[in-house]
Amino acid sequence: DGAVYPVIELNGLLWVQENLRFETDSSRLYDNSQRSKKCGQFYAIVEAFEVCPAGWRLPTENEVKQLIKLDKRDKVDLEDTLQVDKCGRIDSQKASKQGFQNTYWIQVELKGTYATHWHFFTDDIHMHHHNVSGRMFPVRCVKGLD
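Residues 395 to 540 in our numbering are what the sequence shown lists, from first letter to last.
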């Protein structure tokens with residue numbers, strides 16, 4: 395899309411510090427507000443695997459676990475470092491949880507309609523696994539150091 399995104403090095407990877415704004419036929423904004431435009435596009439999981447630019451990808455479960463450990467040990471403040479805004483999610487075409495959480499896709503094996511993903515809540519960052527059918531989340535892309 396020609397957009398330039400700020401990046402930061404964390405734990406041996408370059409991380410994009412904004413939610414991806416690349417628009418596809420099936421991605422969508424949370425709503426039409428200015429904040430929503432800052433939150434970027436929301437993607438269904440299958441599409442999320444393909445939207446990062448060439449040379450970039452979704453982070454793996456292990457990479458996210460390592461960052462969560464650093465955050466819990468107060469070595470880094472992930473919410474501040476990655477400039478996370480509580481953009482919410484989209485459930486079955488309905489926007490929800492804006493201002494309360496942000497959820498991101500990670501590079502995992504999709505098992506039917508179940509997948510692991512990670513959440514930023516007001517007072518917690520964690521991953522979990524459940525049915526993600528009909529859910530759309532923003533994307534953060536990573537790449538190894540060259």
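Backbone N, C-alpha and C fix where the C-beta goes; we use that ideal spot for every residue, glycine too.
Check, Outcome
"Among A438, K431, L407, the one whose alpha carbon lies nearest that of D419", "A438"
"Distance, F514 Cα to T497 Cα", "6 Å"
"For I484, the residue or residues it bridges with in DSSP", "A489, M530"
"Reduced DSSP category for K466 - H, G, I as helix; E, B as strand; rest coil", "helix"
"Cβ-based burial, R467 [other Cβ within 10 Å; buried from 16]", "exposed"
"Inter-residue CB distance, F436 and Y424 (contact presumed, cutoff 8 Å)", "6 Å"
"Beta-bridge pairing of Y508 - partner residues as DSSP gives them", "K505, N525"
"Chain-order list of residues whose beta-carbon lies under 7 Å from that of S527 (same chain, five-residue window excluded)", "T507"
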